[in-house]
Amino acid sequence: MARSPGPSALDRRQIQSAWNAIRHYRAGAALAATADQGARQLIVVSGWACEIRRSPDGRRQIVSFVLPGDALDLGVLSPERDVHALTRLEAIEVARLLPEEPVGRAEVEEVVQQAIRDREDRVFDQMVRLGRMNAKERVLNLLLEFHDRLSAVGLTNQDTFRLPLTQEVFADALGLSLVHVNRTLSQLRGEGKIVLGCGEITILRPQTLAEAASYLRRPEGRPLLSAMWG
Amino acid sequence: MPQLPRSSWSSEYEEALRALQGAGLSPSALDALRRLVVRVERYRTGDVVPGYRAQGRPVLVLAGWGCEARTLANGRRQIFDLLLAGDVAVCRPAGDGQPYQVCALTRLVALDLQEVLGGAPSSVSAELREGLAERLRAREASRYDQLARLRHASADERLVSLLLALHRRLRDAGATQGDSFRLPLTQAQLADALGLSAVHVNRTVKRLRRLGLVEMGYGAVRFLGPDALDVLRRGQPG
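Structural data, given as structure tokens:
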């Protein structure tokens, strides 16, 4: 399942020319929209975040994770819906990346819109995990999602990738207790499905596991960017 | 002189219009919609409403119940949101990798919105377009309620919170009779919406009746006694 990232929609030159437009966030910081309309859309260049929803009774749930290569529309955020950096995070304003000439501009805008829609569609995967999967399927399904998304932007090495999540966040996202997550991870390790160590995880034979965990693969699109900064 | 195609409007679709009126569309826009309906799509229980276009196809539910759902390879199904008369949904094309499909849960009549709005004079199409886009945004909130239900709630809470949400949506469309409303879903369909098994739903329905809170059967739901709704609202997860 390891894919070599194809040519990305935005090339190195475009990103570098906008290097001074990069926004930096600390772990735990909330990504907020600025008053400037043009700065509403961001592309995450490095780091992890998660989208959180609050229900009227104050309970919070993690809706989805935000990874490098994701596009976000900050204009839709509100006190009930926000995005928190889980690690140090860098993001670029889309407006600063858009080419001058209208044709190239329209193309980049379309790719960014599609990336925003794709990201928002991940709420459905989260509902399936919570509604229709047992603990082992939930854990595997989410790990496979991380693997696929990171490999699309060139952030996996073979089938190994960095997993900068605490087990608390992981458990919270999956609706499982910490103990349950722990037990499930060691089960998966015992069955030779994953290897864990030093903030990294390796998924063994992801293709086979995808079926077992009812993982829905998205059609391969062109990634917004690839990991030339990695 | 070319003859205008005749509207194929049926009184069966009035409930959808009442829902749209409740959502703020003006009587003149609704009247225009009535006249613009030339071709409707009819689906049977279980049918998938096709999406055709890669970006998806927006439809308006004119009658019947539908849902957005995903069926897993092992046959299990999760319903993400229920679609009632007057709801707008974006149907996705068939094929792998689609996050959901729109399916009919009963007989369903739907209207292709691009087709309808394409033929509308610009004076009404702007209001219709905006009103229908607002309908679509409203459904996003109900999607996140569903996520909260699956994440935090017990079986009792899930069922109660879904019934209360349906009561609220149907009341806004004038489709409730006091504390009762029609619910044409099977317990298996409810189970798919609640992330439970059909057996579990059946047990939960029985328990709620025993507690004197809700009665379900014969395609209808009745909240028992004026207090039941209050009790349920206070105890529900959100």
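Protein sequence lines, in the order shown, are assigned to chains L and S. Letter by letter, the first sequence follows residues 1 to 230 in this note's numbering. Letter by letter, the second sequence follows residues 231 to 468 in this note's numbering. By construction, the Cβ of each residue, glycine as well, lies at the ideal position given by its N, Cα and C atoms.
With a cutoff of 7 angstroms on beta-carbon distance, G425(S) and G131(L) are scored as near each other.
Segment contact: the stretch 343–350 of chain S against the stretch 282–297 of chain S, three or more CB-CB distances shorter than 8 angstroms; contact assigned.
Inter-residue distance for R26(L) and H84(L) is about 10 angstroms (C-alpha atoms, whole angstroms). Contact between A21(L) and E93(L) holds: their C-beta atoms lie close to 5 angstroms from each other, under 8 angstroms. For F310(S), the residues of chain L that pass the 7 angstroms Cβ criterion are F124, M127, in the order they occur in the chain. Taking 7 angstroms as the CB threshold, R398(S) stays off the interface with chain L.
DSSP, reduced to helix, strand and coil, places Y330(S) outside both helices and strands of the structure shown, so it counts as coil. Contact with chain S is found for S55(L), since one of that chain's Cβ atoms lies less than 7 angstroms from the residue's Cβ. In the DSSP assignment, V431(S) falls outside any beta strand (DSSP E) and within the unbroken alpha helix (DSSP H) covering 428–440. Identification of chain S residues near G175(L) by a Cβ-Cβ cut-off of 9 angstroms yields L380, R381, H382, ordered along the chain. Proximity to E244(S) across R264(S), S256(S), A259(S) peaks at R264(S), based on C-alpha coordinates.
For the stretch 351–381 of chain S, residues whose beta-carbon sits nearer than 8 angstroms to a beta-carbon of chain L comprise R373, Y374, D375, Q376, L377, A378, L380, R381. A Cβ-Cβ contact shorter than 7 angstroms links Q167(L) with L178(L).
Around the C-beta of P56(L), fewer than 16 other C-beta atoms lie within 10 Å, and the residue is accordingly described as exposed. In this chain, D57(L) is not harboured by any alpha helix (DSSP H), its DSSP state being neither H nor E. Secondary structure in the stretch 67–105 of chain L: the beta strand (DSSP E) runs of 3 residues or longer, each lying completely within the stretch, are 71–73, 81–85, 89–93 in chain order. In the structure shown, the three-state DSSP call for P414(S) is coil.
Straight-line measurement puts the Cα of R105(L) at about 37 angstroms from the Cα of C333(S).
For A450(S), there is no enclosing alpha helix (DSSP H); the enclosing beta strand (DSSP E) has its first and last residue at 450–453.
Between the alpha carbons of L454(S) and A171(L) lies a gap of roughly 38 angstroms.
Using a 10 angstroms sphere on the CB of S241(S), the tally of other CB atoms stays under 16, which defines it as exposed.
Here L266(S) is actually not in contact with A363(S); their C-beta atoms are around 17 angstroms apart, not less than 8 angstroms.
Sequence-distant Cβ neighbours of A418(S) in its own chain, meaning closer than 7 angstroms and more than five residues away, are A428.
Any Cβ of chain S closer than 7 angstroms to the Cβ of P219(L) would place that residue at the interface, and such an atom is present. When Cβ-Cβ separations below 7 angstroms define contact, R132(L) makes contact with chain S.
Ranked by Cα distance from I52(L), the first of V108(L), R40(L), Q207(L), L74(L) is L74(L). Comparing alpha carbon positions, the residue from Q114(L), T156(L), V63(L), L142(L) closest to E80(L) is V63(L). Per DSSP, S258(S) is one residue of the alpha helix (DSSP H) stretching across 257–266. Contact check for Q331(S) against V278(S) passes: the beta carbons are separated by less than 7 angstroms. At a Cβ-Cβ threshold of 7 angstroms, D375(S) and T434(S) do not count as neighbours.
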